[in-house]
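Take 2 as the starting number for the sequence shown in this note's numbering and just add one per residue.
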Amino acid sequence: MSRWWTEAVAALGDVLPLPLVALLVVLLAGVVALAWYHFPAWVPRRLPRLPRLRLPRWRLPRRRRRKADGPVAVALPRPRTADDGLPADAARSLADRLAAEGRYAEAVRERLRAMVRRLVAVGAVAPRPGMTVTELTDAAARARPPVDPPLRAAGAIFAELWYAQRPAAADHDRRMRELADDLDRALATPPPDGGAR
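Here's what the structure looks like:
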């Protein structure tokens, strides 16, 4: 191995001076580091995990269970409604508590949830499972145009922290609190058609 390495370095040294090669390697490493730091959020921050190999399992035959004497009652889960979950004030309180504990990313998430609950409560948007922040912002802006700027800014902060996995700080929580106040002021103005949806 050392002989191969020596011959490869000697062959490279015949073509280019070795100090120039070392300088180029350092410059390349610097460019890669800068690109890694400044590229958008879709650049992965860690290597993907390799899938685990699963070996086939030999199963023993199941024993037959004795039938119960009568029918067994099974409690079915209650379907979720729009009223489930925390009210907006409780979500704000939870966000304040999380921020006090230094869990700023979770506080930002709860503040965004409180904003969404406030929009649902005033009828600016209809809740739909699986709705993204962008879809929610578009729907709310169609119903109430003044809510568009605070919602877009809040969605950008949320996406930066949760989707891009950037570290959260107290400034993010403070900014989300300001945006929630801006949203409340925007919702205090009557809608353009003169009534609630």
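C-beta: ideal position from N, C-alpha, C; glycine also.
Residue 179 carries a helical assignment under DSSP once its states are collapsed to helix, strand and coil. C-alpha of residue 145 to C-alpha of residue 179: approximately 19 Å in a straight line. Classified as buried, residue 107 has 16 or more neighbouring CB atoms from the shown chains inside 10 Å of its CB. DSSP places residue 116 in the uninterrupted alpha helix (DSSP H) bounded by 105-122. If you check the CB distance, residue 181 and residue 98 do not come in under 7 Å. Under the 10 Å beta carbon count, residue 148 is surrounded by 16 or more other beta carbons and is classified as buried.
Between residue 162 and residue 117, the C-beta spacing is not below 7 Å. Residues 119 of the same chain have their beta carbon placed closer than 8 Å to that of residue 185, with the five preceding and five following residues left out of the count. Excluding its 5 nearest sequence neighbours in each direction, residue 170 has C-beta neighbours in its own chain below 8 Å: 105, listed in chain order. Taking a C-beta distance under 7 Å as the contact criterion, residue 100 and residue 174 qualify as a contact pair.
Around residue 176, the same chain offers 154, 158 as residues with beta carbons nearer than 8 Å, after the five sequence neighbours per side are excluded. The C-alpha of residue 168 is placed about 25 Å away from the C-alpha of residue 131. Nearest in C-alpha terms to residue 187, of all of 33, 114, 142, is 142. Of the other Cβ atoms in all chains shown, fewer than 16 fall within 10 Å of the Cβ of residue 12; this residue is therefore exposed. Judged by beta-carbon spacing, residue 114 lies beyond the 7 Å limit of residue 140, meaning their Cβ atoms are not closer than that value. If you ignore the 5 residues before and after residue 138, its C-beta comes within less than 6 Å of the C-beta of 152, 153, 156, all in its own chain and listed in chain order.
Excluding sequence positions up to five before and after residue 36, its CB lies less than 7 Å from no other CB in the same chain.
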